[in-house]
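Chemist: Right, I'll just put the structure down here and ask away after.
Residue numbers (the working numbering): 30 to 139.
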């Protein structure tokens, strides 16, 4: 797992071959990222299935309840097939946009 931190967010990219393997490693060290805005970029992984994306749902909901953003970058997935509680976007730039929108919503008290 490759972790890159800056002032605004923490970017996490898997080094594993499958999204499922990455999820297991990420879940084990998730506590290190509590309180940080996260972008999980699995866009380089080929053939990611919806069931693998859904593995992140519980952590995403928990993270958002704590007042921080959680965004998955993954192309080739129809967002219509995913729950609204899970932010999934096809590009890194869109993930940055989601972080900015989340910050505005928090500032406005939503």
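All C-beta atoms in this analysis are idealised placements derived from N, C-alpha and C, irrespective of residue type, glycine included. Note that the structure is predicted; figures quoted are calculated from it, not measured.
Along the alpha helix (DSSP H) that carries residue 34, what are the first and last residues, could you check?
Modeler: Residue 34 -> not in any alpha helix (DSSP H); beta strand (DSSP E) instead, spanning 31 to 34.
Chemist: Can you check whether the CB of residue 82 is closer than 8 angstroms to the CB of residue 46?
Modeler: Not a contact, by the Cβ cut-off of 8 angstroms.
Chemist: Within 10 Å of its beta-carbon, does residue 89 have 16 or more other beta-carbons around it, so buried, or fewer, so exposed?
Modeler: Residue 89 comes out buried.
Chemist: Given a cut-off of 8 angstroms, decide if residue 100 and residue 67 are closer than it, judged by their beta-carbon atoms.
Modeler: Yes. Within cutoff.
Chemist: Taking only runs that begin and end inside the stretch 69 to 130, name each unbroken beta strand (DSSP E) of 3 or more residues, in chain order.
Modeler: List check, beta strand (DSSP E) in window: 99 to 102, 116 to 118.
Chemist: Would you list the one or two residues that DSSP bridges to residue 67?
Modeler: Partner(s): 39, 99.
Chemist: With distances taken from CA atoms, which of 31, 37, 30 is nearest residue 18?
Modeler: It is not possible to answer for residue 18, since the shown part of the chain is limited to 30 through 139.
Chemist: In this structure, does DSSP put residue 47 in helix, strand or coil?
Modeler: Note: residue 47 maps to coil in three-state DSSP.
Chemist: Helix, strand or coil for residue 139? Go by DSSP, reduced to three states.
Modeler: Looking at residue 139 - three-state DSSP - the assignment turns out to be coil, as it is neither helix nor strand.
Chemist: Go through its chain and collect everything with a Cβ distance to residue 74's Cβ below 6 angstroms, but skip five positions before and after it.
Modeler: These residues qualify, in order along the chain: 48.
Chemist: Taking 8 angstroms as the threshold (C-beta atoms), are residue 30 and residue 39 in contact?
Modeler: Not in contact: residue 39 and residue 30 (Cβ atoms no closer than 8 angstroms).
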